[in-house]
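To start, the structure under review is shown below, and the notes come after it.
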Amino acid sequence: MNYWLFKSEPSTFSFEMLKEKGKAGTQWDGVRNYQARNNMRAMQIGDLGFFYHSNEGLDVVGIVEVCGLAHHDTTTDDPRWECVDVRAVKDVPNPPTLDEIKANEKLSKMVLVNNSRLSVQPVAPDEWKEVCRMGGLVPAP
DNA sequence: GCCAACGTTGGC
DNA sequence: GCCAACGTTGGC
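First residue of the first sequence: 1, per full-length UniProt numbering; consecutive thereafter.
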């Protein structure tokens, strides 16, 4: 079981929109970056992730679950690009902001803090617990 | 809207 | 295989 963080601009695709997709979820398409793609290839069914709103909000608003292994991204003909399927699990009651995450010493190694441009990133188990705690999710899912 | 940081592309 | 030019991302 591994943990991840998915980044999206809410004006393009928000957590609300993912919730509307229901249990079936949707493919996390549009990723055109090898590191992000490789992270998705490493995902397993049942892995959990944070849903982070970039550009607007700048906060962790929801929990998602991987419900489909990496497969071709149907939004491109280029066979290099793949994506997993994800579905919304629950809201984060008190969404931790980027400022709060940056200010937390326990999270100083988070990819979100150190490589802000990577759109699909791994999250360490202790980082997962800490962000969940900040967000009011106790115990962490 | 700006711009720094980063990733990708393509000529050599 | 290098590196300059270009495009994109995302915080501010």
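Where is the CB? At the ideal position from N, CA and C, for every residue including glycine.
Around Cys67, the same chain offers Gly25, Asp85 and Arg87 as residues with beta carbons nearer than 6 Å, after the five sequence neighbours per side are excluded. Here the C-alpha atom of Cys132 lies approximately 21 Å from the C-alpha atom of Glu56. Put simply, the backbone Cα of Ile45 is about 8 Å away from that of Glu65. Judged by beta-carbon spacing, Val113 lies beyond the 7 Å limit of Leu5, meaning their Cβ atoms are not closer than that value. When DSSP states are grouped into helix, strand and coil, Lys7 belongs to the strand group.
Nearest to Pro96 by alpha-carbon distance, out of Lys7, Met43 and Gly136, is Gly136. Arg117 counts as exposed, since fewer than 16 other beta carbons sit within 10 angstroms of its beta carbon. DSSP, reduced to helix, strand and coil, places Pro79 outside both helices and strands of the structure shown, so it counts as coil. Apart from the 5 residues on each side of it in sequence, Trp81 sits with its Cβ closer than 7 Å to the Cβ of Val31, Arg32, Arg37 and Asp73 in its chain, given in chain order. The criterion of a C-beta distance shorter than 7 Å is not satisfied by Gly49 and Val92.
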